[in-house]
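Visitor: Would you mind keeping the following structure in view while I ask a few things?
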Amino acid sequence: MELSQLRMVKAVCDTGSIARAAETLHCVPSNVTARLKSLERELGTSLFFRDGRGVRVSPAGQIFLEYATRILSLTEEARRAIAPSNAPSGPLRIGAIESSATGRLPQLLAKYHAQYPQVSLELSTGTWAQLLEDIRQHRLDAAIVAVDVERPGLKRAVMYREDLVLIAADSLGPLRSAADLQGQAIFMWPVGCPYRLALEQWLLRHGQVQPIISIASYGAIVGCVSAGAGVSLVPRGIYEQYRQGAGWTGYEFPELAGVDNLFYWHENAGRHPAREAFLAMLEREFEGGVVS
158 MELSQLRMVK
168 AVCDTGSIAR
178 AAETLHCVPS
188 NVTARLKSLE
198 RELGTSLFFR
208 DGRGVRVSPA
218 GQIFLEYATR
228 ILSLTEEARR
238 AIAPSNAPSG
248 PLRIGAIESS
258 ATGRLPQLLA
268 KYHAQYPQVS
278 LELSTGTWAQ
288 LLEDIRQHRL
298 DAAIVAVDVE
308 RPGLKRAVMY
318 REDLVLIAAD
328 SLGPLRSAAD
338 LQGQAIFMWP
348 VGCPYRLALE
358 QWLLRHGQVQ
368 PIISIASYGA
378 IVGCVSAGAG
388 VSLVPRGIYE
398 QYRQGAGWTG
408 YEFPELAGVD
418 NLFYWHENAG
428 RHPAREAFLA
438 MLEREFEGGV
448 VS
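The working numbering numbers the first residue of the sequence shown as 158 and each following residue consecutively.
And the structure:
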């Protein structure tokens, strides 16, 4: 069993195709196929189901993938540990919820790249649950999410508190209370979004139970509000990103408290200068913990 074979297994699982995996690994598909078959003979079991439409990971392959991912992560950790300078370099895979990736990270990522050009930075977005699972499975080195939860094997630190702003088209007139939302269309991210939960709880405290239209895109949500179709509750970072010429007004209510955004990483990831430098930059950028 060789590390190159483990990388092939992971690449095929990630891409769902031997041809795409070969492109990722800069080799020919026949080489991937031959090396995987050799590995399967050594293991005495099939890692993939093969049919005319491609390959699918088998139950045994799914189990093996978890071990392969952990082994590859350990080899990367070993390289970092014995690097001559231990200066930030190599890959850094950061995940973030959409609001953080759109409203807070662009300038910081540019600053980080300028300061640490030897780091190959990758940013991916997703739901908070998926991002935390990706860290647990070593698919991400760290992630920023707006939920404070305990997960086995993960460490976390509060980065900043995101204030919440209710936005509504100017044509709807001023909003002074939760009652003013009665009859208005409400656009929010799907169930599971902490900002949606904050709005639902606020409305419930005021006896309001209204349907919410789920849209998994802040661009689309802001577009609907700008068109006069309804209202939304957004983190201040999104409000600041889109408010220029948006044609809507932002309202803040004391009962709509801010939501903490936290930085998560795997407790067994070992020394990772690139991740540690990123965390240090976050802490400097958001010193004090409140973004307003």
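All C-beta atoms, glycine included, are put in the ideal place defined by N, C-alpha and C.
Find the nearest neighbour of A217 within the set A244, P368, L200, G330, judged by alpha-carbon distance.
Guide: L200
Visitor: Given a cut-off of 7 angstroms, decide if I369 and I343 are closer than it, judged by their beta-carbon atoms.
Guide: yes
Visitor: Restricting to Cα atoms, I'd like to know which of L390, V366, Y399, S374 is closest to G340.
Guide: V366
Visitor: Does the beta-carbon distance from E317 to N418 come in below 7 angstroms?
Guide: The displayed chain sequence assigns Tyr, not Glu, to residue 317. Their beta carbons are under 7 angstroms apart, which means Y317 touches N418 by this criterion.
Visitor: Could you give the residue range of the beta strand (DSSP E) that holds E319?
Guide: 311-319
Visitor: Would you kindly check if the distance between the Cβ of T282 and the Cβ of A303 is under 7 angstroms?
Guide: no
Visitor: Going by beta-carbon coordinates alone, are R192 and M158 separated by less than 7 angstroms?
Guide: no
Visitor: Give me the Cβ distance between L249 and E279, rounded to the nearest whole Å; I'm assuming they're in contact under 8 angstroms.
Guide: 7 angstroms
Visitor: P186 to D171, Cα distance in whole Å?
Guide: Going from the Cα of P186 to the Cα of D171 covers about 15 angstroms.
Visitor: Could you check what DSSP says for H423 in three-state terms: helix, strand or coil?
Guide: strand
Visitor: Would you please state the rounded distance, in angstroms, between the beta carbons of L265 and L321? I believe it to be under 8 angstroms.
Guide: Wrong, their Cβ atoms sit about 21 angstroms apart, outside the cutoff.
Visitor: If I measure Cβ to Cβ from V379 and keep anything under 7 angstroms in the same chain, skipping five residues before and after, which residues do I get?
Guide: Only Y399, A403 meet the Cβ criterion.
Visitor: Quick check: the Cα distance between E442 and K268, rounded to an integer number of angstroms?
Guide: 11 angstroms
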